[in-house]
Amino acid sequence: MCWRPARSCCPARPSNWPKTQRSARPISANNQRKIPVNDKPLVNPYLAVLAGVFAVSFSSLFVRLSTAPSLMIATYRLLFTFLLLAPFTLLRHWGDLRDLNWRLRGLSALSGLFLALHFATWFISLRYTSLASSVVLVTIQPVFVVIGSWLFFRERISRMAMVGGLLALCGSFIIGLGDFQMDMGAFWGDLLALTAAIMISGYLLIGRRLRHGVSLPAYTFFTYGSSALALVLTSLATQTPFGPYQPRDWLLFFALAFVCTILGHTVFNWVLKYVQASVVSVSVLGEPLGAIVWASIFLREYPTIRQMIGAGFIFSGLFLFTRASVGHN
1 MCWRPARSCC
11 PARPSNWPKT
21 QRSARPISAN
31 NQRKIPVNDK
41 PLVNPYLAVL
51 AGVFAVSFSS
61 LFVRLSTAPS
71 LMIATYRLLF
81 TFLLLAPFTL
91 LRHWGDLRDL
101 NWRLRGLSAL
111 SGLFLALHFA
121 TWFISLRYTS
131 LASSVVLVTI
141 QPVFVVIGSW
151 LFFRERISRM
161 AMVGGLLALC
171 GSFIIGLGDF
181 QMDMGAFWGD
191 LLALTAAIMI
201 SGYLLIGRRL
211 RHGVSLPAYT
221 FFTYGSSALA
231 LVLTSLATQT
241 PFGPYQPRDW
251 LLFFALAFVC
261 TILGHTVFNW
271 VLKYVQASVV
281 SVSVLGEPLG
291 AIVWASIFLR
301 EYPTIRQMIG
311 AGFIFSGLFL
321 FTRASVGHN
C-alpha cells in the first residue's frame, strides 16, 4: 500500500497566483523591534567612549586657564559648537530636520536645557571649590543615571557592573576628599558641582531615549541650539559682558567647543545609540584622572598619594563595569 498525504481542505492555489504573495504578511510589532535600525557601527562604541573621555578631560583645565566669567565661558562653548555644526547639518541633513516631529524637537530642546544648566553650574563651581573636588562631584552622575535608567527604561545592571561603578565612585571620592575645604565658598561650589551632575544625568537619559529615532545631526542641532540660546539669554539677563576678552580666551572658547564638545559630548551622543546610558556615565569617571594629569602638567598641581590611590580605584571600577557591560550587550 502506498501512502499518500490527505487532501487539504483548502482550495488549490491558482496558477496565476503571484509567488510573492506567500510572504506578503504584516510584520508584528515584536518583529519590528528585532529589525536593526542601524547598520553595524564603523568604530567600536567602547573605544569611542574612551576617546570621548580623553577629549572632555580637558574641560576643567580650559576653564581654569580662561579669565572670562564662568557663565560666558559656558555660553561661548555652546554657541561656537552650534555655529560649527549648523552649516554642515543644514546642508547635508536638512531632510532629517524637516521630518522631525514637534515632540522630538521639544525633547531635543529639553535635553539642551539640561546641558546648558550642567555647564553653567559646573563652570561656576570651578571658581569656588578646587578643581579636583568639582570634577569629582560632577562624576557622581552614574548614581542618578542608573536610577533613571531603571525607572524610565527598565535597564538591568549586572552585579559586576554595579561593583565596578561603586569602585569608580569610591575612587572619585578618594581623589576629592583631600581637597575639600570646610568653608561656605567651597561648600557652595560643591553644591553647584552636585547640581551639574544631576543636570548631565538628565541630558544623558533624554539622549538615550531619542537616539534610537533621531539622527545624530538633527539631535545635536536642536540640543546645542537650544542650549546656546538658553545661555545667551541668561547672559543677557545677568548682564554678563560678551567681550572684549584676550586672544587666549577666544582660543580656549574654541577649544572647549571643538575638542571637549564636538569630539567629546557629540561622540557620547553617537555612542548612546549602541550602548546603555550607564556605560557612558560610568566611563566618564575617568575624567577626574585626566583632569589631574593636565593640572600637573600645565598648572603645576601635582597629585597627592590620596589621589593616586583613588585613580587605582577608578581604573579598577572602569575595567569591571566596561567588561560587564560588553558581556551583557
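Here this note's numbering is used: position 71 in the sequence shown is 71, and no number is missing along the way.
Cβ atoms here follow ideal geometry from the backbone N, Cα and C, with glycine treated the same way.
Would you kindly check if the distance between the Cβ of residue j and the Cβ of residue i is under 7 Å?
i           : j           : result
residue 227 : residue 116 : yes
residue 57  : residue 291 : yes
residue 210 : residue 107 : yes
Where residue i and residue j are concerned, what is the direct C-alpha to C-alpha distance, given to the nearest angstrom?
i           : j           : result
residue 331 : residue 271 : The chain is shown from 1 up to 329; residue 331 falls before or after that span and cannot be answered.
residue 84  : residue 146 : 32 Å
residue 173 : residue 98  : 45 Å
residue 213 : residue 305 : 46 Å
residue 44  : residue 215 : 18 Å
residue 162 : residue 243 : 46 Å
residue 317 : residue 48  : 18 Å
residue 314 : residue 236 : 40 Å
residue 203 : residue 144 : 11 Å
Can you name the start and end residues of the alpha helix (DSSP H) that residue i belongs to?
i           : result
residue 43  : Per DSSP, residue 43 belongs to no alpha helix (DSSP H) and is neither H nor E.
residue 118 : 102-128
residue 64  : 59-65
Looking at C-alpha atoms only, which residue of the options is the closest neighbour of residue i?
i           : options              : result
residue 104 : 317, 241 and 218     : 218
residue 253 : 102, 225 and 60      : 60
residue 168 : 305, 95, 282 and 291 : 282
residue 67  : 290, 321 and 246     : 246
residue 266 : 112, 94 and 172      : 112
residue 294 : 50, 49 and 55        : 55
residue 138 : 109, 193 and 162     : 193
residue 279 : 101, 263, 320 and 93 : 320
residue 275 : 207, 198, 191 and 95 : 207
residue 309 : 323, 205 and 170     : 170
Within its chain, find whatever has a CB closer than 7 Å to the CB of residue i; leave out the 5 residues flanking it on each side and keep chain order.
i           : result
residue 64  : 126, 131 and 299
residue 257 : 77, 80, 81 and 84
residue 69  : 240
residue 220 : 85, 266 and 269
residue 259 : 55 and 58
Which same chain residues end up closer than 6 Å to residue i when comparing Cβ atoms and leaving out the 5 residues on each side of it in sequence?
i           : result
residue 151 : none
residue 128 : 185, 188 and 189
residue 195 : 121
residue 200 : 118 and 141
residue 255 : 62
Between residue i and the rest of its own chain, which residues show a CB-CB distance below 8 Å, the 5 nearest in sequence each way excluded?
i           : result
residue 296 : 302 and 303
Got a sec: does the ligand ADP put a non-hydrogen atom nearer than 6 Å to the Cβ of residue i?
i          : result
residue 86 : Among the ligands in the structure shown, none appear at all, so the ligand ADP cannot be discussed.
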